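The sequence shown begins at 400 in our numbering and counts up one residue at a time.
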Amino acid sequence: MDHHRMRLGEMLRALTIKTDAMQSELAGLRQDVRRLVFLLERNAVSAASDAGNDAADQTEPE
């Protein structure tokens, strides 16, 4: 019985290590997603601003 308990303990420790590593990786992925969203939003604002400037250029007399 002790052998089974030791084996279960080893499996639990291995699972805990894997879970910790996955949580760390997930935190990194969340940070990557936040950065990507920031860049996409900034790009969208820039594109909207450029489109507004282009429209204003077309309506101004030369």
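No residue lacks a Cβ here, since even glycine has one placed at the ideal position from N, Cα and C.
Since we're looking at a predicted model, the values are computed, not measured.
DSSP, reduced to helix, strand and coil, places Met405 within a helical segment of the structure shown. For Met400, the secondary structure class from DSSP, reduced to helix, strand or coil, is coil. Straight-line measurement puts the Cα of Glu440 at about 32 Å from the Cα of Asp419.
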